Structure formats: C-alpha cells, structure tokens
Amino acid sequence: MVLQNSPREATRLPGLETEELPQPATAANFDLTLEFQPDDGVLRAALTYNTDLFDAATIDRLATHLGVLLAGVADDPDRPLSRLPLIGPAERDLVVGAWNETARFVEPETLPELVAARARRTPDAMAVIAGESLTYAELDARAARLARVLVARGIGPERIVALALPRSAEIVVAQLAVWKAGGAFVPVDPTYPIERITFMLADARPALVLTLDGLAPPVPDGVDVLTLDDPGLFDGEPAPAVPVRPEHPAYVIYTSGSTGRPKGVVVTHAGLAGFAAAEAEHLRVAEGDRVLAYSSPSFDAAILELCLAWASGAALVVVPPEPLLGEPLAEFLAAHRISHTLIPPAALATVPAAGLPDLRTLVVGGDACPPELVDRWAPGRRMINAYGPTESTVVATWSGPLVPGTPPPIGRPIPNTRAYVLDAALQPVPIGVAGELYVAGPSLARGYLDRPGLTAGRFTANPFGAPGERMYRTGDVVRWTAAGQLEFTGRADDQVKVRGFRIELGEVEAALTRHPGVAAAVAAVQQDSSGHKRLVACFVTEPGADPVGAAGLREFLGRSLPGHLVPSALTELPALPLGPSGKVDRRALPVVAAAAEPATGHVEPVTPAERTLCEIWAQVLGLDRVGTHDNFFELGGDSILSMQVVSRARQAGLRVSTKDIFLHQTVAALAPEAGAVTEEASAEGPVVGDVPLTPIQDWFFATHTVNPHHFNQSMLVELADGFDAGALERALAAVWTHHDALRMRFTRTETGWQQHNADVEPGPRLRHEDLTGVPEAGRPAALERIADAVHAGFDLADGPLLAAVLVTADPAWRPRLFLAAHHVVVDAVSWRILLDDLDTAYRQAVRDVPADLGPRTTSFRDWAHRLRDHVRAGGFDGELAYWTGLPPAGELPVDHDTAVTGTAEVVVTLGAADTNALLRSAPAAYRTRVNDVLLTALAWALARWTGREDVAIALEGHGREDVLDGVDLNRTVGWFTTLFPVALSIADTEEPDWRTLVKSVRKQLRAVPGNGFGFGALRHLGAPEVRERLAGAQPQISFNYLGQWDGSGAAASASDSLYAAVRGSLGRDHDPAEHHPHLLDLVGAVQDGELVFSLIYQPGRHDRRTVEAVAGDFATALRRIAADSQAPARRKERR
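Counting in the numbering used here, the sequence shown runs from 14 upward without gaps.
Now the structure itself:
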C-alpha cells in the first residue's frame, strides 16, 4: 500500500500548457498494489494487480468492498473495527437473500407413508435386495407386523429404540418398523467397543433394544431386548402406522464429542419428506433404479440411501456388513447393476472407474473430494458433491453435476435450507472471503439429546430469519464464489475428518488423558507424501509415573473408542508445543510415525552385526526402530518376512537362515549366530540344463489341463519422477540374467511335461505403451486391457515367461511398469526378490556401474535335483505313516452342482487396530505364530458351517524350508510353494475360550511333520505305490497367507529408487475356463496396515450369501481373537 501525500503541481514550461497523460501499465511490481493520493480535496485510490493471479471481477469486488469500508469509517469514525461494513446492500441481498431462495412446498408425508403408498401402487417391485430380498408389499407388511409388536411394548412418539444390528435387511426392516410405531431409532454398531456401546445405551435410555442372537450388547437395567431371529415376531397382523407430527424425533445419531463424551443428535421428521423429494429430483432416481446401501447404519448417510430409494420406488441393494473397497466394490456395483450410490472420497479412490455402465448417479460426501476423483469419475455420469452435518438432516448443500478439470464445490443450499457465511460478529462476509458456515431451515435437528447447554451453544438465533428461527453453526469454513457456489476450505475448530469419519480431536485427547500415566495429550491429523491422512497423537507422561508406551496406549484407547478414533501412531514429548497465546500449537507438532514398543523397553544395538540386523528388521517390519531384545514375531514378523531378513542380511554380508531366526528370535540372540557370506563356486554363473518338475509344478500340470499357458502372477508399479527408461531396460536384462528360473521352458511329451533351463538369451523386450491420447478416466481400463493381453500371451514352450510393459501418458500422470510372469516360475516370495533386485540394478545402471546383485544362492535346477534325490533316498519315508493316517477329508456343503465355470470372491478386511492385535498382541499372548491364529479362525468358521467338529484344509506354505544341508533359497526365484492337508478338530463352535482354542490348534499344527513339506514331495516324487497311497480325496478348501506386503519393496527407503509405489496384481491372470482344484480358496495378506482376505468361490457351486456367511464367521473369529489377545488378563500373562 502506498500513500502519495506530496503536493502535486503541474509541470510548468514557458509558453506551453501541460497536463498528465496516464500511461498503460504493462507489468505489476507486486501481486497487488493499493495506491492512495489526495487530489484537490478528494482521496483517489488505484489498484494495480497481476492479471495472472486475479480476475478483473475479483478486483472490482475488492474495490467496491474498500469503498464500503472507507465510507463506513467516514460515517462513524468511533465504530469498532469489527463492526465496520464490507459489503453493500446489493451484495448483501445476494448472499443472504437471492442465493437462499430455496423455499418449496412439500406434502407433509412421512417415509412410512411413502413406502405404504408405493406398496399399494407397485407391490411386486423390489424394495430391498440383500441376503433376504423383499418387495415393497413384503417390506411394508413385514415392518407393519414388527411395528405391532413394538407398539405393544410401549413404543410410540418420543420413545427411542436401539438397533444393535449390522448393515443388513434386518436393520432396514427394523428402521421402518420403528417409524411405523411412531418411535425414533438409535443405531448401535455391534462392532464398537463394549465401553462405547454401554455409554450410548445409558445415555440414550432406549425403551427397547432390537438385535440378533449373538449380537446382544449389555443393556441398562430395565431395558428389554428383542431378538429378530424369532420368526414369530412377524406372524401377527400388520399394524396401521402411528401418526406422528413433524417435531417428533425420527432418529438419533451419536457423533464424536469434543469433551470426550459422544453426543446424540436428535433429528425430527420435519425435514425428511422435503429431503426425500429434493434428492429424488436432484439425483434423478426413478422407479426400477437400484440404490446402494453402502453407508454404516451408525451414520446418517444411511438415511440418505433409504430416502433416495423408497421415495421413488427404487430398490435398496444392501452390501454385506464387512468393509467393501477397491476391486470388490467395483465388482459389487457391476454385478448388482447399481444406478445410484453415495461413496465417501477415501473409499472411492480405491475403486477402478471403468466398466460401470449402469452407474448413472454418483454422490460423494463425508469428506473433501479431491479434483482427481472428479476427473476419473465424472465423465459419463452425473456426479454430485454433497455436504451436510448430522445436525441438518443428512445434506445441507450439494453441487450440480461436477465437471472434470475444476475443483468440486459443495454447491448451494438444498430446497428449504438456507446457508450463511458469517464472520465472528455473525455478519455476512464478502464473496470470495472465507467465513464460518451456518445453516438454517426446517431440516435442523432438535438438538443434542439431554445436552441443553451444548445445544444452545451450537444452535443459535437466526438474525436473518423469522422470529424464533434457529441456525446451526457448523464449524466449517467456506466461501461463496462469484457464481453463487460454496467452496469448502477447512475447519474453524478441532473437528476433523479422516477416511470419512467425523472426529472431534478433543474426544481423542480426553480419552488419552484418562490414562493414569498421561499428564497431557494432543491429537492431530497428519498427511503423508501420498496424501493419506492419519490420526496421530502426542502425549506427555505424568512426573514419576511408570513408562507409557504407544502400544499400551493404543490398547487402552481401544477399550473405550471405536477404531477410527484410535490414533494410528503416538509419540511421547517432553512438553506440548505452545503458541504465544498459551494454546497448543498443532502446527508445531512433529511428524508422528509408528514405532515398535517392546514390552522389555528399548535396548540399542552395540556390535556392527547387531546394528545391521536392527536396521534390517526395522525396514522389513515397517518400524522406526528395533531394539536388540525385541522379539521378531511379537513385532509382527512371520516366516515370509523372515526370508526377507535373510535376503537383506546376505546383501549386507551376514549369513543367517530362517531356522536361525526361529531359534533366536531377538537380535541379541541372533547376531552371534550370523556368519560372514562366502561365495560358492557352484553358483558362479548362469544355470543351463534339464530340471525335474518339483512337487508343486507336477501338481499344477496335473490339475490345470484346460489352458496351462495362462496361469500367471503380476505386479503393477508406479515409477518415480524422472526415471531413466534406458537404465530400466539395462536393469531388467540384469535381473533376467541373474535369476535362472525365469528362463525355464516346458514341453509336453508322451510321458508328461518336461522342464528345461534355457541358456542366457536376449531377455523380454521392454514394451512401451503410450496412453497420452486416452482420457485419464479411461486409463485404468486401458491398463487392464494391456495386462489382459500380456497374461494371455505366454507360451510355456517358446518363452519368455516374464513380460514387462512401460506405460506412459502426459507428464502429470505417473508412469507405470507392469510386470507379469507365469506362475510356474515365480511365487509370492519371488516377487519380493525380483522387485528388490530390479530396483538395485536400476540404481546401479543410473550411476553407470556394472550390475551387482550379490552372490547367487542355490539355483532352482540344483534344488529340484537334490530334492528328487532326497525323496528317492527315503528322506521323507518316516512321514508316510502320518500322512496316510489322516482322517478322510469330508466334503463341503454345496448349493448347486452345475458345470458353470468362473469364480467370484468375497473380501474380508480387518481394520488397522485388529490387524495390529493379530500380528503383534496375539502371537505374544498365546505364544504362537500368526498362521496358527488365522487357521484357528478359519477352522472355527468351517466347523460352524459344516456342523462337523473335524475340518480339513489344504494349507499352502512358502516351501523354502531348511530341509537339505548346504542349500540357500532366500534369494532364489522360482515356484517353491508347498500344498498339504491339515486336519483340525474344533470342539466348541459357539462361544469358545479363544486362548484354549488357539493353543489346541497350535498343538495340532505342531504335530504336522516338517511344516508339511514332505507331503508334496512324497505325493509327486515318491515311488508309484507311495503316490497311489496319497492320492485320496483332498480338502476342498485351501488357505494361503502371503504375509505382509507393507514396505516390502526396496523403494521404501531409497531416495533414488525406481519405485514410487507398488500397486499389486492387475488383469485376468488365469483362464476362467480352467479347472479349479478346490471349491474354495482363502488368500490373504497385510496391505496398507490392514489384513485383507479374499474367499474365492465358484458361483456354479455356491451362492454368494453362503460364502458371505462363512467369511463373516471367519472375520468374527479374528476380531474376537484380537480383542481377547488384548484383554487385561492376557497382558498380565505376557508380563
């Protein structure tokens, strides 16, 4: 800002008259310059601005606001600064009036009345599609019969019914029944911690709890529980709907509370009918459409889904209660022909956008929507960004159809709702200026249940409305655009959203300070380089208190808070950072990372071997640090991760074996056993020659007879910025030369398949595909097509059996490297080796140094020969009695017996807290390995399904066991998998003591000789009579746990790495017409900190709901084991 206050005099020249001529401005010295100059009693002002940064309309508004402000100062110089005006009458009318002209007449109907009318008009139309599907007539009658039971138990207006039910057809019927009875419902998630459920029920004081057998929570004294499993509840006559008034409550939703106490939001019927009518029009839903019920019933987005479907006669398609993300969610959308859905941005980001022609309307909400999602999803459909606090009947504002290439606004107020952007003095702020959003209208909630003080603080008098009208202070900071659209910019308080969950940081902090060892705590949301948001916390311990560890604090929080409120990482500080005002300065908090928390306290490494091993353990386990007394398996290690330790130790010059790690489970014990790596003459050069089939290869060719050429594994990798394509080609050639198994060839002869290790030859060409001409929204589908073509192109006889495709597009799109190999030459462990070695060779190629991938380990050819010889020499004959003595594998129940080919899958995902408990708490509590825990859960689920105590499972192992002396397979590529039957007996299929059950399964698994390695060797390499004895019926379900993929790539820590991210498999990796050796295959791994299992089934043999039930029992068992392993009694046992 400049004040030109020197006297102005005209230039005087003899005999001439002069005047100033303004010169055109061609450059701006600053982004914005405001210049004042007195001129003959008038104060003139000029604005000079950078046209690259500001539009002329923005500067015009700024000039107008400045004029209004200066006029206000002149009119009343004594007025406080905070009361000076900024906007004139015209702009005020626009932001307060014109953009809030949303009044619309709506018939005063309730949702039960709309459903009843629809049942009369189209009784046979589908209303609910789930495990149990219902027509509108069936839904209305079923809810009316249950309503009669509820009325008989005293339910009516102003009475609350708690619904302790998962997302299902049952909760949908129960919600409608409560409304028909005139009552209000409060959803209670059965998976919440008992302490939180207990608080909610005590706070809400419901008159009745509706639930299912096995899900009933502890209830306050005097509260009845009604289980919906009783079919007699639906035998009576339907009851007429009880009349309700608009001001009667419809539902209560509990949200996070800043004081640590969740608060129940009481929403009335007043806004429901108007909201249902508005969304039917805006989202263009019609009779016969299919609306996805994706949201948790504990959040009000589930109300949006009900209203959207039933007000228009559409079908509500209910997804299973387990989390559904990524490819499985895309498959569900496609399989059920979903036309309308609401998906939070965090969940939508995991879903491939291609191949959903039925999806016409997509609503995003619950969190800020990044523009990249709009670019991917908006083309070809109506995409709407919806915004609304629970306190305003689901939605307060929404956008029009979003357009790629522009930031998504939260739009304008919905019908019969008004939005005001105000400053601290409750005055409207100018267009383009951020202020706090207030909403008003009949859709506002009544307030917070039995919290009058809190209600009065958030629901204030509306100075722009009729007398007595209220408005709600949202705490969200927004601004109006010149086009009359609202843009979200952040929060005015400590409330945040992570993965779509609304979180009051104060509630997390209050829970932390309830720990006796914590003096102060602060929670925050931090974002990593990939944009992933995490809830973290810092704490200060009480002086003189016992040490408080992050793991112990997480366990403490998990007893009272749901998973989304438990910080993913915590760190101790000597003091919390404070700002000048004395308040905690959240911006000064350090970056909080997960760290190991051993029970014995951290002990620093001393010797070079200890330091090397501690660094390797930390890398492999994804931890900040590891001490010498930390137990590898209690930190989350498993057999596959142990092989990564061996591999990286070898690269660092230390020789240890996986057996060493199992025998010496701490660095202090392992380091003395670590010897120096010595080169072996037998493994100096490439390997060539005939190779006998290994057991798993022989099994493959015997069972995959339709198209054995098409059975692959793959990896899609995002490449780092500025990668060198030439260096990548050289690195690929180095890996091809180093790993002999990649050069295998297979031919079919009269005596069967033969294997030959070809000599070094030109490797697979790095193919280049350019997607610049493909719109970004279509690139995922283009990648799938590229992958499918590669998968279908392998030839076992001609090779090569490894393929690499470099996929590029415009500079803003990160390049991808797609790698695929036939499964007969690689396994899951091989991919870790290949990715590490490719990255190592790439970094060497960039520096223009020769590729050095370390000393070779035992070749696949040598291993195959030595294994065959060992079997022929009777090396496993002592195990034959065990394998032939196993009980026969019983058949699994089937729903159909058709010849339909193809597979489908049901996905089970466990949250980070449960995953952490299973990987770390359970092995320590039960003195066992994670595989034992997982198999306990599976065996329990199978026993419940089959009704038999004895179950049989085909168990897959990594197969790199220390069977033969002088063999090192830790950096050998090949297919080493073992497959063997295990027979497990489960005595209690109802409510077992999980410790006893896990110990029982552990004991049964320990009886298996040699980790099951000998079965395949005898079955496929033994004498003919031995093979015949072991050729009986095998288990019809297989189990394969692939371990932890988090941080498994070498790129995790190297700044010059080839990789930016490793994305996993892509494309159709096997021929769908191929024979399937098992009815069911359960495959799982840890991805991004969460345990994910896919239960793969054949629709020609099993209905999806059957498989979902088995998967649901499996997930239930895992969650109960996770909870049991963290119980106080278990922690005492670990001490």
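Heads up, the beta-carbon is just placed ideally off N, CA and C, and yes, glycines get one too.
The structure presented is a predicted model; accordingly, all values stated were derived computationally and were not measured.
Using the DSSP secondary-structure output, state which residues sit across from residue i in a beta bridge.
i: CYS320; result: Bridge partners of CYS320: none, in fact.
i: ASP737; result: Per DSSP, none; premise fails for ASP737.
i: ASN1053; result: VAL1096
i: TRP749; result: Paired residue(s): none; TRP749 is not in a bridge.
i: ALA833; result: SER727, ALA816
i: ASP12; result: Here the chain comprises residues numbered 14 to 1148, so residue 12 is not present and cannot be evaluated.
i: VAL535; result: CYS551
i: ALA689; result: LEU667
i: GLU585; result: PHE552
i: ALA965; result: ALA996
Under the rule that 16 or more other beta-carbon atoms within 10 Å means buried, what is residue i, buried or exposed?
i: LYS672; result: exposed
i: LYS1016; result: exposed
i: MET14; result: exposed
i: ILE1050; result: buried
i: ASN63; result: exposed
i: ALA449; result: Reading off the sequence shown, one finds Glu at residue 449, where the question assumed Ala. GLU449 is buried by the Cβ-count criterion.
i: ALA44; result: The question names Ala, but residue 44 in the sequence shown is Asp. Counting Cβ neighbours within 10 Å, ASP44 comes out exposed, since fewer than 16 surround it.
i: ILE168; result: buried
i: ALA194; result: buried
i: PRO421; result: buried
i: PRO231; result: exposed
i: HIS971; result: buried
i: PRO708; result: buried
i: ASP65; result: exposed
Less than 6 Å between C-beta atoms, sequence neighbours within five positions excluded: which residues of the same chain meet that for residue i?
i: VAL730; result: LEU830, TYR1072, VAL1075
i: ASP1126; result: ALA954, ARG957
i: LEU809; result: HIS722, PHE759
i: CYS1171; result: Nothing can be reported for residue 1171: it is not among the residues displayed for the chain, which extend from 14 to 1148.
i: ALA11; result: No statement about residue 11 is possible, as the shown extent of the chain runs from 14 to 1148 and does not include it.
i: HIS751; result: LEU866
So, for residue i: in the same chain, excluding its five sequence neighbours on each side, which residues have a beta-carbon less than 7 Å away from its beta-carbon?
i: ALA190; result: ALA156, LEU159, ALA160, LEU163
i: VAL669; result: VAL659, ALA662, LEU683, GLU686, ALA687
i: VAL820; result: GLU782, LEU784, LEU796, ILE799, PRO828, ARG829, PHE831
i: PRO417; result: VAL387, ASP388, ALA391, PRO392
i: VAL913; result: PRO1112, GLY1113
i: ASP711; result: HIS1033
i: ALA1157; result: Limits of the chain in this structure are 14 at one end and 1148 at the other, which puts residue 1157 out of reach.
Taking 9 Å as the CB-CB limit, is residue i close to chain C?
i: ASP850; result: No chain C is present in this structure, which holds just one protein chain.
Excluding the 5 residues flanking residue i on each side, which residues of the same chain have their C-beta closer than 8 Å to its C-beta?
i: THR1002; result: TRP953, ALA956, ARG957, GLU962
i: ARG1133; result: TRP1007
i: TRP12; result: The requested residue 12 is not part of the displayed model; the chain covers only 14 to 1148.
Q. Which ranges does the beta strand (DSSP E) cover as unbroken runs of at least 3 residues, wholly within the region 698 to 724, from first to last along the chain?
A. 702 to 704
Q) What beta strand (DSSP E) runs, 3 residues minimum, are completely inside the region 397 to 461? A) 431 to 435, 448 to 453
Q | Three-pair Cβ contact test at 8 Å for the region 947 to 963 versus the region 995 to 1002 | A | yes
**Q.** Segments assigned alpha helix (DSSP H), at least 4 residues, entirely inside the region 865 to 913
**A.** 873 to 885, 893 to 897
Q | Validate contact between the region 640 to 651 and the region 617 to 624 using beta carbons, cut 8 Å, 3 pairs | A | yes
Q: Count the C-beta pairs between the region 392 to 405 and the region 812 to 828 that are closer than 8 Å, then say yes if the count reaches three, no if not.
A: no
Q: Would you check if the region 266 to 286 and the region 117 to 124 touch, i.e. whether three or more CB-CB distances between them fall below 8 Å?
A: yes
(Q) Check whether the region 921 to 934 and the region 862 to 873 are in contact - that is, three or more C-beta pairs closer than 8 Å. (A) no
Q: Kindly confirm or deny that the region 411 to 423 and the region 459 to 470 touch, where touching means at least three C-beta pairs closer than 8 Å.
A: no
Q) Are the region 432 to 440 and the region 251 to 259 touching by the rule of at least three beta carbon pairs closer than 8 Å? A) no
Q: Take every Cβ of the region 320 to 338, pair it with every Cβ of the region 911 to 927, and state whether three or more of those distances are shorter than 8 Å.
A: yes
Q) Can you list the beta strand (DSSP E) stretches of 3 or more residues lying completely in the region 343 to 379, in chain order? A) 353 to 355, 374 to 377
Q) Counting pairs of beta carbons, one from the region 1030 to 1039 and one from the region 877 to 890, are three or more of them closer than 8 Å? A) yes
(Q) Using 8 Å as the cut-off, can you tell me whether the region 318 to 327 makes contact with the region 130 to 143, which would need three or more C-beta pairs spanning the two stretches below that distance? (A) yes
**Q.** Any alpha helix (DSSP H) of 4 or more consecutive residues that is wholly inside the region 163 to 215
**A.** 182 to 193
**Q.** Stretch pair the region 896 to 905 + the region 1037 to 1045: three plus CB contacts closer than 8 Å
**A.** yes
Q. Three or more beta-carbon pairs under 8 Å between the region 30 to 37 and the region 47 to 66, yes or no?
A. no
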